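**Student:** The structure follows.
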Amino acid sequence: MSAAELTVATWNVNSLRVRLPHLKDWLAATGLDVLALQETKLVDADFPGAEIEALGLSGAWHGQKTYNGVALLAREPLADVARGIPGYGDEQARVIAGTVRGVRIVDVYVPNGQAVGSDKYAYKLAWLGRLGAYLAAELARFPRLVVLGDYNIAPEDRDVHDPKAWEGQVHVSPGERAALASLLALGLSDVFRRFEQPEKSFSWWDYRAAAFRRNAGLRIDLVLASAALAERCTGCRVDATPRRWERPSDHAPVLATFDLSP
DNA sequence: ATGGCTAACATGGTTAGA
Numbered sequence: 075m076s077a078a079e080l081t082v083a084t085w086n087v088n089s090l091r092v093r094l095p096h097l098k099d100w101l102a103a104t105g106l107d108v109l110a111l112q113e114t115k116l117v118d119a120d121f122p123g124a125e126i127e128a129l130g131l132s133g134a135w136h137g138q139k140t141y142n143g144v145a146l147l148a149r150e151p152l153a154d155v156a157r158g159i160p161g162y163g164d165e166q167a168r169v170i171a172g173t174v175r176g177v178r179i180v181d182v183y184v185p186n187g188q189a190v191g192s193d194k195y196a197y198k199l200a201w202l203g204r205l206g207a208y209l210a211a212e213l214a215r216f217p218r219l220v221v222l223g224d225y226n227i228a229p230e231d232r233d234v235h236d237p238k239a240w241e242g243q244v245h246v247s248p249g250e251r252a253a254l255a256s257l258l259a260l261g262l263s264d265v266f267r268r269f270e271q272p273e274k275s276f277s278w279w280d281y282r283a284a285a286f287r288r289n290a291g292l293r294i295d296l297v298l299a300s301a302a303l304a305e306r307c308t309g310c311r312v313d314a315t316p317r318r319w320e321r322p323s324d325h326a327p328v329l330a331t332f333d334l335s336p
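The first sequence begins at 75 in our numbering and counts up one residue at a time.
Given below as structure tokens:
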């Protein structure tokens, strides 16, 4: 929040219409500069821009009916807003990007993939390939790049509450992890793992079977940063507070702070 | 136990999420 710091957060809200009260309460308690939302599930005409403005944020959104939808909200005006992956005629609203204080921020909602071997799984892997090409180009333009959002991939077994039960399943399959590794190989770093974290840190818990109470979750919401920015990261954490509230999103927000001092 | 729960769209039951 200070002039030399930039705090970014990602939150899959699973319907912004339903979660707007949580967003207001959480923002009132949380200092941040940029918030990347996923699964807003709103067409742009229905986006609650006035209510967001009343919270001291402005930004840009890229939505569609019923499914998907992303929004990038910030204390300061966003520059160079881009919706979708340029050159990829994807009808699903999953990406929005903008620049704040020289930092390029890309908000992503990676496809779920449904089941290994399904058409949706193939779409997920193809989509991640297109994302990788886009990010390579963005990295060439912007040394300071953050790519944050719902990746729908748990990077390692320690990001999974029960690795044996999940082995080979969608979100942890070797193909998905290889696709994530390709993104990291562009020069991106999962900043959460640059710091000591509590054991069994997750960002998503199934609504069913009392998964949150049992901490039966996955860490699939990630903040990736370019090398020039990752070395300036001073902290990254999951804030599970709103997951405890009534009628929560199944995802918790993840925050990361960067020191932008010269 | 292949279920469990939530949201959208619709207004009963399907689709999708992860």
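The beta-carbon is built from N, C-alpha and C at its ideal position, and this holds for glycine as well.
The structure displayed is predicted, hence computed values, not measured ones.
Within this structure, are the beta carbons of Ala167 and Val155 separated by less than 9 Å?
**Tutor:** In this structure, Val155 does not lie closer than 9 Å to Ala167 by Cβ.
**Student:** Name the DSSP beta bridge partners of Leu111, please?
**Tutor:** In DSSP, Leu111 forms a bridge with Trp85 and Ala145.
**Student:** If Leu152 sits next to Leu129, beta carbons under 8 Å apart, how far is it from one beta carbon to the other, in whole angstroms?
**Tutor:** Not confirmed; about 15 Å, so no contact.
**Student:** So what's Glu79 in DSSP terms, helix, strand or just coil?
**Tutor:** Glu79 falls in the strand class under three-state DSSP.
**Student:** Let me know the secondary structure DSSP gives Gly203 once reduced to three states.
**Tutor:** Looking at Gly203 - three-state DSSP - the assignment turns out to be helix.
**Student:** What distance in whole Å lies between the Cβ atoms of Ala290 and Trp279, which are believed to be in contact at a cut-off of 8 Å?
**Tutor:** Correct: roughly 6 Å between the Cβ atoms.
**Student:** Just grab the DSSP bridge partners of Asp59 for me.
**Tutor:** Nothing can be reported for residue 59, as the shown portion of the chain is limited to 75 through 336.
**Student:** Take the Cβ of Ala210 as the centre, count every other Cβ of all protein chains shown within 10 Å, and call the residue buried at 16 or more, exposed below.
**Tutor:** Answer is exposed; the Cβ neighbour count stays below 16.
**Student:** Taking the Cβ atom as the reference point for each residue, do Val265 and Gly223 lie within a distance shorter than 9 Å?
**Tutor:** In this structure, Gly223 does not lie closer than 9 Å to Val265 by Cβ.
**Student:** In whole angstroms, give me the CA-to-CA distance for Phe332 and Arg293.
**Tutor:** Taking the straight line joining both Cα atoms gives about 21 Å.
**Student:** Given this structure, state the Cα-to-Cα distance separating Val221 from Val180, to the nearest angstrom.
**Tutor:** Rounded to whole angstroms, Val221 to Val180 spans 5 Å at the Cα level.
**Student:** Taking only three categories from DSSP, how would you classify Ser263?
**Tutor:** Of the three classes helix, strand and coil, the one that applies to Ser263 here is strand, per DSSP.
**Student:** So which of Leu90, Arg178, Asn186 and Ala103 has the shortest CA-CA distance to Lys139?
**Tutor:** If we check each option's Cα against that of Lys139, Leu90 comes out closest.
**Student:** Using only alpha-carbon positions, find the residue among Ser323, Thr308, Gly242 and Leu219 that is nearest to Ala314.
**Tutor:** The shortest Cα separation from Ala314 among Ser323, Thr308, Gly242 and Leu219 belongs to Ser323.
**Student:** Return the residue from the list Gly206, Arg287, Pro272 and Gly191 that minimises the CA-CA distance to Val244.
**Tutor:** When only C-alpha atoms are compared, the closest one is Gly191.
**Student:** Here's the rule I'm using: 16 or more other beta-carbon atoms within 10 Å means buried, otherwise exposed. How should Gln188 be labelled?
**Tutor:** Classification of Gln188: exposed, given that the 10 Å Cβ count is below 16.
**Student:** Give the straight-line distance between the Cα atoms of Glu230 and Ala255, rounded to the nearest whole angstrom.
**Tutor:** Looking at the two C-alpha atoms, the distance is approximately 11 Å.
**Student:** Could you tell me how far apart the beta carbons of Leu296 and Arg311 are, in whole angstroms, since I believe they sit closer than 8 Å?
**Tutor:** Actually they do not touch by this definition, with Cβ atoms about 13 Å apart.
**Student:** Can you tell me the Cα-Cα spacing of Asp99 and Tyr281, whole angstroms?
**Tutor:** Asp99 and Tyr281: Cα-Cα distance of roughly 21 Å.
**Student:** Considering only C-alpha positions, which residue in the set Leu257, Tyr208, Lys274 and Pro122 is nearest to Pro237?
**Tutor:** For the residues Leu257, Tyr208, Lys274 and Pro122, the minimum Cα distance to Pro237 belongs to Lys274.
**Student:** What did DSSP end up calling His325 once you bin it into helix, strand or coil?
**Tutor:** His325: strand per DSSP, three-state reduction.
**Student:** Comparing C-alpha positions only, which one of Trp319, Tyr225, Ala283 and Ala77 sits nearest to Arg175?
**Tutor:** Minimum Cα distance to Arg175 is reached at Ala77.
**Student:** Would you tell me roughly how many angstroms separate the C-alpha atoms of Arg218 and Thr173, rounded to the nearest one?
**Tutor:** Each residue's Cα considered, the two are about 10 Å apart.
**Student:** Take Leu199 as the anchor and find which of Val169, Pro316 and Arg251 has the nearest alpha-carbon.
**Tutor:** Answer by Cα proximity: Arg251.
**Student:** Report buried or exposed for Gly242, applying the criterion of at least 16 other Cβ atoms within 10 angstroms of its Cβ.
**Tutor:** Its Cβ having fewer than 16 others within 10 Å, Gly242 is exposed.
**Student:** Just the Cα atoms here: how many angstroms apart are Phe269 and Ala285?
**Tutor:** Whole-angstrom Cα-Cα distance: 26 Å.
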